[in-house]
Structure formats: structure tokens, C-alpha cells
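Chains as they are written, first to last, in the working numbering: chain A, 1 to 343; chain B, 344 to 802. Glycine residues also receive a C-beta, built at the ideal position from the N, C-alpha and C atoms. All values reported here derive from a predicted model rather than from experimental measurement. Everything below concerns the one structure shown next.
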Amino acid sequence: MHLHDFWFLLIAVLWSGYFLLEGFDFGVGILLPFVSRDDVDRRITINTIGPVWDGNEVWLLTAGGATFAAFPEWYASLFSGFYLALLLILVALIVRGVAFEFRSKRPDARWRSAWDKAIFWGSALPALLWGVAFANIVRGVPLNAAHDYTGNFFTLLNPYALLGGITTLSLFTLHGAVFLALKTTGDLRSSANRAVKRVAPVAVVAAAGFLLWTEISYGKAASAVVATIAALALLGAVAFSLRGREGWAFTLNAAAIVAAVAALFIALYPNVLPSTSVAAGTLTVTNASSTGYTLAVMSWVAVIFTPVVLAYQAWTYWVFRKRLGRGDIPGPAPASIEPAAVG
Amino acid sequence: MNPLDLARWQFGITTVYHFLFVPLTIGLSLLVAVMQTAWYRTGKPQYLRMTKFWGKLFLINFAMGVVTGIVQEFQFGMNWSDYSRFVGDVFGAPLAMEALLAFFLESTFLGLWIFGWDKLPKRVHLLTLWCAAIGSTISAYFILAANSFMQHPVGYTIDAAKHRAELTSIWAVLGNSTTLVTFPHTIFASLLTGGVFVIAISAWHLRNKRNVDIFRPSLRLALVATVLAGVGLGVSGDIEAKIMTEQQPMKMAAAEALYHTSKPASFSLFTVGSLNGHSEVFSIRVPRVLSFMATGSLNGKVEGIDNLQQQYEQQYGPGDYRPLIAVTYWSFRFMIGFGLLAALIALIGLWLVRRGQLPTGRRFYTIALWSLPLPFLANSLGWIFTEMGRQPWLVFGRLKTEAGISPSVTGGEVLTSMIVFTALYGTLAVIDVWLMAHFAKAGPAAEVAAGDPEPVFAY
Chain A
1 MHLHDFWFLL
11 IAVLWSGYFL
21 LEGFDFGVGI
31 LLPFVSRDDV
41 DRRITINTIG
51 PVWDGNEVWL
61 LTAGGATFAA
71 FPEWYASLFS
81 GFYLALLLIL
91 VALIVRGVAF
101 EFRSKRPDAR
111 WRSAWDKAIF
121 WGSALPALLW
131 GVAFANIVRG
141 VPLNAAHDYT
151 GNFFTLLNPY
161 ALLGGITTLS
171 LFTLHGAVFL
181 ALKTTGDLRS
191 SANRAVKRVA
201 PVAVVAAAGF
211 LLWTEISYGK
221 AASAVVATIA
231 ALALLGAVAF
241 SLRGREGWAF
251 TLNAAAIVAA
261 VAALFIALYP
271 NVLPSTSVAA
281 GTLTVTNASS
291 TGYTLAVMSW
301 VAVIFTPVVL
311 AYQAWTYWVF
321 RKRLGRGDIP
331 GPAPASIEPA
341 AVG
Chain B
344 MNPLDLARWQ
354 FGITTVYHFL
364 FVPLTIGLSL
374 LVAVMQTAWY
384 RTGKPQYLRM
394 TKFWGKLFLI
404 NFAMGVVTGI
414 VQEFQFGMNW
424 SDYSRFVGDV
434 FGAPLAMEAL
444 LAFFLESTFL
454 GLWIFGWDKL
464 PKRVHLLTLW
474 CAAIGSTISA
484 YFILAANSFM
494 QHPVGYTIDA
504 AKHRAELTSI
514 WAVLGNSTTL
524 VTFPHTIFAS
534 LLTGGVFVIA
544 ISAWHLRNKR
554 NVDIFRPSLR
564 LALVATVLAG
574 VGLGVSGDIE
584 AKIMTEQQPM
594 KMAAAEALYH
604 TSKPASFSLF
614 TVGSLNGHSE
624 VFSIRVPRVL
634 SFMATGSLNG
644 KVEGIDNLQQ
654 QYEQQYGPGD
664 YRPLIAVTYW
674 SFRFMIGFGL
684 LAALIALIGL
694 WLVRRGQLPT
704 GRRFYTIALW
714 SLPLPFLANS
724 LGWIFTEMGR
734 QPWLVFGRLK
744 TEAGISPSVT
754 GGEVLTSMIV
764 FTALYGTLAV
774 IDVWLMAHFA
784 KAGPAAEVAA
794 GDPEPVFAY
């Protein structure tokens, strides 16, 4: 395997990891207004992802950094081309990030409800837009011979990409619901399980439609196999969830997300950003990549440090493995006296 | 305004804003880690209360640093795609390493620290904060290595056909002399920022003799840190100036608005009148100081702007190779001045708290409180100086700033994003300052006994 193929694989892994992890914390953010009946519920909901959401988001930064290092042309064309979409994602991620930190700092109900809205929109918008973006990467965008994007914001809003957006939005919402059911007790757990039932049909139909469209228009044998695995895993996740097997439901839903992302990357390969206008505009793993030396350096770094990162992130999940319930939220609304803990 | 100016303004606004939070994150993380270590070692509840009080302010600030940092990583590709294409093979590597080695460490272990009070053994819990602090510090190293490549490109060749710089030695890039000196300078600046922050807020409480058991040790720790940081800044800044003179002589000339090569060269404390080299009304000059700053010798030769301009025209072709002199001249002075002033105030404070004493009267406390903006101004001006002083280059001697922007992005798009970020950042600044002030004034929790069950939740 050539090093640029290895880096294509690694970037696919980083994006899969990002969607697998931030997927559920987006989902939890989206469900926040719907599953919780009072502030205590909302605090439990947020606290299920509290210790991990920031670490999950670093997968995005690493995917971005790795793309910059390994495929500078891809990074340059993609980020300048998808300008306004990325701007929206950035604004959403900024607002969402501070919302988690600022929300608890005042007991005032209006203050908290404003930040709850920020968490909702800050989660829903990227969940939708990442799907739109990835569908466009697979579908291709107009690029000139210098690999510069020649479309505009609305070029990105084609039917295939919009279906991609609905797929990620519903899939991440489902992922969040399954996660919440796994991490909570009592009423919250029941309402998370009810949310699974409501979101699942949408997610299954959207994902099946989107993967089918991908296979028909852009797919190959290998991506078809992986897409089928994704669809089966998704159905399995829903089935397990209905039987109350929350651990299995989450595992299979995670597998569905990873397989769906893998199917997209397999369909894309060996291109990284196809051009729909000029053939010479198409970016591939070869013409977009860095030099062999840079890729070799970065491969060493990745091979040595990725296992370390995976180990301590896994340890975090282990430390916070317990389900949360109303009993875990200490005393009266804590910010009225003093925000709880150090935060 | 054209897309180039807009993209530059946006980079300036978002980066200066981001760097208001970053040094405070690094500085405070180290100070809070020291406080928690003191608690771990002695078991005194006052150190736990200190840790929690400053930790809370640290976390509010940290959130702002994190979210504004995401923009930075995207912005190169969004507004500066031709720059990204030109440098990606070299510049991308430290950026990717920063994410993998530093950001994961910082964010994961901070999550463990915030939520792990009752879940982890004390020693492990302390270790999580140190890991997060180390993560923040390492992140500074990698981003400075990337920036240093723009100031002083090393370890690369130019592939003319592909029109890009290609990495030939990662060790040269990571061991760039510019990085080796800007890294300690930045870390000392961060420590100074964290130190002054703690000094100012402690002074506010001590002025009214509130929570003396918390704020006296806080003050003392911060005074020591700030004085040490001041010394470190002086030493590293001195070496940096000499390296800069060697690598980017135009920047040094622009820092002094020195038009004609001089031997020896004097340093002007300030100048009245225009800085164009021939309409100076009045200035206070210290003889030979610029020679010493730039070369280490009181009689050293410092090259002037006009001479360098001629030299660069021969070397790089026709063009204007002068940065905006008024910006470099004043930012350089005020960076040094504000930093020095902060360190001096801390030195006086250190004298006043000797042998268990506390400053009497209100004067010191008032001055200490008002010193709060100094490090933030110095940090911002330092970056404005070093980035503006590199102009017209984006990568010194290799790529001009005008050649780095995104060809596919319109002025309207850049303007849109600039307005959005400015409005969003402005709003968040108001909320952040309000929250910080609120919790700074509220003071530490009344009682946090060691045996108390620790609250679990931060959110």
C-alpha cells in the first residue's frame, strides 16, 4: 500500500471516529429540549456527554489537521470551496461549546433556556451540514483546472447532498437517543427509548435511501458490501433497542455509522474531491497528496501516538461508565449558591 | 476593501481574540496545578478552596480558548487556500501533531479533571490536571513551530513545478531556532498573564481583607510566578531580538523606524511626529541600546529600512518590502513597556509580601487591580508586531501575503464571515467578561472540607 493510500485510510478512520463519537453528543444536544421535563433532567442529559464532548471534538481538529498535512490540495480546495457551509458549522460549534460551559453558571431559567437553544441549534446544524458536505465530496463539485471551487453555496444544496444531510441529522439523533438510553436511569431513560422509536423510522429510511443512491451513482462492489453492513447494523441497533438491549443497540448503531462513513470513502477512492466541471480539476490521492517524506514522518507520528490517544480516551469512557440519574444531581440548583464542582 | 485586506483583517481579529484566552489558559493551568499539588501534599483545605476558585475561572476562560481555536484550524483553508497549497507539505505536519499530541491530551484530561473529583484517586486526579496543562503547553510548541516556518523557513526545498514548499527535514522545522526562542517567550508571557490575573483578583479581595487565607497564598504564588516570568521574558526576548535581526532585519529596522543603517544605533523610547524618517518632531533616545538589542554589542551595526529595501529589490525584484512602520514601531514599544510594567508591579508586590506580611493601605491593591489589562495588551501587541513586521511576506522571502489568499472566495464571503465572527466574538466577550467578573467577585466557596463528598457535576 502506498503511503497516500494509507493516509486516505487514516483520514477515513478519523472522520469515522469523529462521527461515531461526536455523533452521539450532537444527538444528545438535539434531543435536549425533547427528552427532559425539567432542569434536573436537562442537567443529567448534558452531563452524560459532559466529560467527553470536548475530546470527541478533537477528532474533527485532527481530521482537519491530518488532511492539511497529508493532502494540502484537498484541504485547500475543500475548505475554501465549502466556505459558507463551514462558516455555519464553525458558528454552531462555537456557540455550542460555550453553551455547555456557561449554562450552569447562573440559576436564572431564561439564561439556561437560552443556552439550551444554543445547544440544540449548535448540535443540529453541524449534524445536518456534515452530511451535506460529505455527500458533496462523494458527488463532486465544480472545480477548475487549478482545483479551485467554481460553484457557490447553493451548488452544495443539491437533492443528493440534502438527503445526505437528513441522513446524518437523523442518524446522529438516533445515536444520541440510544446513547442517552444507555447512560441514564428512570424517566429519562424511558423517554430516550421512546425517542429511539420515533427517530428510528426516519433514520432507517433516510440512510437506506442515501446509501442506495450512493451505490447506484457512485458506488463499487466493495462500497456496496460495506453499505449493506451499515444498513444491517442500523436495523440491528433498532431491533436491540426495542428489546431493551441498550448496550448492543449502541454498539450496532456505532458500527452503522462507521460502516456508512467507510462506504462513502470507498465510493470516493481514489478521488478525494471529484470535479463535476473540468476533468483536470479532480483531486485524487496522488495529485492532492504531500511528499513521501512528509507522509512518512506523519505515519510514524500517527502509528506511535494514535494508540496512546485511543487508550486514554477509552479510559475516560471507562471512568464515566456509570448511568446517571436524578440522585446524581446534587442538592438545590447549585449555581444559586455556588456552581457545583470546579466548573 | 478587497478580499486580501478583508482576509487579513479577519485573521487579525480572530487570532488576536483567540490569543486573549490562550496565554491565560496556559498560565492559569500551571498555577492551578501548583495549587492542587499543594493541597495534595499538605491536605490543607485552604489549598483545595484555592484550586476550586481559580479552577472555575480557568474553565470559563478555557471554553473560550477552545471554541475560538477551532476557527484557526479552518481559517487557513477557508481564506488562505493558496497559502495552504504552498506550505501544506511543511506547515500541515506540526498542525496535525498539535491536534494529535496536544489537543487530545488537553481536552480529554480536562474532562477527567472537571468530572473526576469523586471518581479518581486524589493522586490520579491531580495528574489529570498536569496532563491537561502539559497538553496546552505542547500545543503552543507545535503552533509556534508552524508560525516560525513563516518567519524563518527551514528544512524545505521549493518544488517549482508544483509551486510549493516541500519538507526535507522535520527536525529542522521542529528545531527551528526561531521556534526554540519564541516558545519560551510565549510560555513566560502566558505565565505572566496567569500571574497578573491572579494578582489582580487577589488584590481586589485583599483590599477589603476578605478570604485572606485564600488570597494571600494566591497572591504570593502569583507574584513569584510573575517576577520569574518577567525575567524569563527579558532573557528570551533579548535572544529573540538578535535572532530576528539576523533572520528578518527589516522587522528590527521597522521596530525602531530606523531608515539608515547605523553603527551604533540608538533606541527611541517614543517619538512625536511622523515616523517616515524625515519629519520627526521630538524623540527621547537612549544611545546604543538598539545596537545592543539587535547585535549584543554596544557598537553593533543595525541595518536601516531604506538600505534593506534596496537590497530586497535586488534580491526579490521590484516591490515595497517595508511593513507598516507606525504599527511595528508602536506595537514593539508597548509590548515591552506593558510587559515590563506588569513585572515591575509584581516585583514591588513581592517585596511588600515578604516575611508573611501583606501590603498595607490601598494603593498597591488598586495598582495591582488595574494592572490586569497589561499582559493581554502586551500579548496582543507582540503578535501584531511579529506578524505585521513580517509583511509583505507570508512566508519570509518565499511567498507574499497577496499570493496566499483563496482565489475562489469572494470579497462578499470574506466580509460576511468577518462580520459574523466579529459580532459573535463581541457578544461572547461581553458574556465572558461578565461571568468572569461575577465569579471573581463572588470569591471562593465558604467551606470545602477535605472529607466532604465532592460535587460531581460541572454542568
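The segment 218-232 of chain A makes contact with the segment 256-276 of chain A; the number of CB pairs closer than 8 Å reaches 3 or more. Closest in C-alpha terms to B:V632, from the list B:A598, B:Q658 and B:Q654, comes B:A598. Non-local beta-carbon contacts of B:F610 in its own chain, meaning distances under 6 Å to residues more than five positions away in sequence, involve V629, V632 and L633 in chain order. Residue-level contact check: B:E416 touches chain A, since one or more beta carbons of chain A fall below 9 Å from its beta carbon. Annotation: Cβ neighbours of A:D148 in chain B (cutoff 7 Å, chain order): P750 and S751. Counting along the chain, B:S626 sits inside the beta strand (DSSP E) bounded by residues E623 to V629.
Residues of chain B with a Cβ closer than 7 Å to the Cβ of A:K105 are, in chain order, L778. B:L612 is positioned such that its CB atom lies closer than 9 Å to that of B:I627. Below the 8 Å Cβ cutoff, chain B contributes no neighbours of A:S191, its closest Cβ being approximately 19 Å away. As far as DSSP is concerned, A:W315 takes part in no beta bridge. Nearest neighbour of A:V319 by Cα position, chosen from B:V365, B:G454 and B:A350, turns out to be B:G454. Closest by C-alpha distance to A:A63, out of A:V98, A:V91 and A:I11, is A:I11.
The distance from the Cβ of A:L324 to that of A:E246 is about 14 Å, inconsistent with a contact at the 8 Å cut-off. At a cut-off of 4 residues, the continuous stretches assigned as alpha helix (DSSP H) that sit fully inside the segment 74-104 of chain A are 83-103. Of the residues assessed, B:T394 falls on the buried side of the cut-off, its CB having 16 or more other CB atoms within 10 angstroms.
The DSSP-derived three-state label of A:N47 is helix. At the C-beta level, B:V516 and B:F492 come within 9 Å of one another. At a cut-off of 9 Å between C-beta atoms, A:F320 counts as an interface residue with respect to chain B. The criterion of a C-beta distance shorter than 9 Å is satisfied by B:T569 and B:A686. Rounded to the nearest angstrom, the gap between the Cα atoms of B:I668 and A:A302 is 43 Å. Rounded to the nearest angstrom, the gap between the Cα atoms of B:G725 and B:I530 is 13 Å.
One finds nothing in chain A with a Cβ atom closer than 8 Å to the Cβ of B:R628; even the nearest lies about 46 Å away.
In the same chain as B:L695, and ignoring 5 residues on each side of it, the C-beta atoms closer than 8 Å to its own belong to L701, P702 and F707, in chain order. Within the DSSP secondary-structure output, B:W736 pairs in a beta bridge with B:K743. For secondary structure counted as the alpha helix (DSSP H) over 4 or more consecutive residues, the segment 524-603 of chain B holds these complete runs in sequence order: 555-590 and 592-599.
The three-state secondary structure of B:E646, taken from DSSP, is coil. In the DSSP assignment, B:R507 falls outside any alpha helix (DSSP H) and lies within the beta strand (DSSP E) extending over R507 to L510.
Per DSSP, the unbroken alpha helix (DSSP H) holding A:F134 starts and ends at A109 to R139. DSSP, reduced to helix, strand and coil, places A:G325 outside both helices and strands of the structure shown, so it counts as coil.
Rounded to whole angstroms, the gap between the alpha carbons of B:A772 and B:P607 is 46 Å. The bridge partners DSSP lists for A:D148 come to none.
Nearest CB-CB separation between B:K465 and chain A: not below the 9 Å threshold. Judged by their CB atoms, A:W15 and A:V297 are not nearer to each other than the 9 Å cut-off. The segment 398-407 of chain B and the segment 16-24 of chain A do not touch, with fewer than three beta-carbon pairs separated by less than 8 Å. DSSP places B:L400 in the uninterrupted alpha helix (DSSP H) bounded by P388 to N422.
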